[in-house]
Amino acid sequence: MNAVAAKQPEAVLRWVRPPQQARTRESLTRLLDAAEDLVSERGFDEASVADITRRARSSVGGFYRRFRDKQGLLHALHERFCEEAQATADEAFDPERWRGADAGLIIDAFVSFLVEIYREKAGLLRAFLVQAALDTSVRERTEALFEYLVTGLSVLLEARREEIGHPDPAMASEFGMRVVLGTMNSTIQLQTRGVGIDDPRFEHELARVFKTYLCVATDPLQPVAGSSPKGR
């Protein structure tokens with residue numbers, strides 16, 4: 050798991066997959082699981098229907114009985130992703146999980162977990178990002194999920210109001226979240242030129258940006274694993 054979780058067992062965050070309610074959904078679940086794995090690995094365009102059905106132990110005919118085309122599949126994947134993300138948020142933002150934790154630790158764990166998920170599901174999230182620019186329903190679901198995450202994080206941070214120097218913590222939580230997600234969209238999903246640091250350093254610096262904006266106390270500047278000072 051991530052470095053923050055290793056140091057703080059109570060801060061371990063995990064992706065939640067809600068239980069299926071009917072056995073009749075098993076074949077659909079296999080198709081979605083196979084599609085999610087292949088799209089995450091290869092990207093949406095490179096994940097063919099034939100490869101998806103082969104991995105799902107299904108048939109091309111069975112695929113098209115459920116989905117009109119690959120775009121229909123992408124919608125189903127996005128709906129499931131949002132459902133799972135909300136279930137994950139419900140567990141991750143449970144106040145009891147963070148009893149005794151300060152605002153800095155919460156932000157560190159949250160950013161670290163987001164980077165982990167973005168790396169693990171990069172191809173899938175990239176497909177969602179592209180589709181959101183073209184499809185109103187995907188964009189609306191994405192924004193609704195964002196608001197859900199912001200609300201959960203804001204509740205935790207508001208309970209630690211005395212640790213936050215920003216005069217408007219609720220607004221700052223939302224804006225800071227957009228900065229974090231925008232950076233990950235650019236660096237991880239769109240694969241723009243990186244800043245020459247590995248994931249632990251990336252997580253550390255991104256969390257520092259968020260904490261500094263909120264005016265939450267941060268550790269003194271010091272070398273971090275993965276840093277490579279220029280000029281040496």
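Start counting the sequence shown at 50; every next residue gets the next number (this note's numbering). Every residue gets a Cβ at the ideal spot worked out from N, C-alpha and C, and that includes glycine.
Inter-residue CB distance, residue i and residue j (contact presumed, cutoff 8 Å)
i	j	result
GLU85	LEU126	6 Å
PHE177	VAL187	7 Å
C-alpha distance - residue i paired with residue j, whole-angstrom precision
i	j	result
ILE253	TYR113	It should be noted that the sequence gives His, not Ile, for residue 253. So the alpha carbons of these two residues sit roughly 45 Å apart.
ASP157	ARG115	41 Å
GLY245	PHE251	9 Å
THR232	TRP147	26 Å
SER76	GLN120	19 Å
GLY153	ARG210	12 Å
ARG168	ILE237	7 Å
GLN180	GLU128	13 Å
PRO144	GLU132	21 Å
Neighbour-count burial assignment, residue i, 16 or more Cβ in a 10 Å radius
i	result
PRO272	Residue placement at PRO272 is flagged as unreliable, the pLDDT there being 48, under the threshold of 50; the coordinate-derived value follows with that caveat. Exposed: under 16 other Cβ atoms inside 10 Å.
MET220	exposed
ARG74	exposed
THR185	exposed
LEU80	buried
ARG190	buried
GLY225	buried
PRO218	buried
GLY201	buried
For residue i, three-class secondary structure by DSSP
i	result
VAL228	helix
GLY92	coil
LEU81	helix
ILE155	helix
SER276	For SER276, the predicted structure reports a pLDDT of 46, less than 50, and the residue's modelled location is therefore unreliable. A value from the coordinates is still provided. In the structure shown, SER276 sits in coil (DSSP, three-state: anything other than H, G, I, E or B).
VAL265	coil
HIS215	coil
SER186	helix
ALA208	coil
Residues near residue i in its chain [Cβ-Cβ closer than 6 Å; skip 5 each side]
i	result
GLN135	TYR197
PHE130	none
Own chain partners of residue i with C-beta closer than 8 Å, once the 5 adjacent residues on each side are dropped
i	result
LEU255	VAL160, VAL164, VAL229, THR232 and MET233
PHE142	GLY201, LEU202, VAL204 and LEU205
Contacts around residue i, its chain only, beta-carbon distance under 7 Å, and the 5 residues preceding and following it disregarded
i	result
THR261	THR267
VAL109	VAL98, ALA99 and THR102
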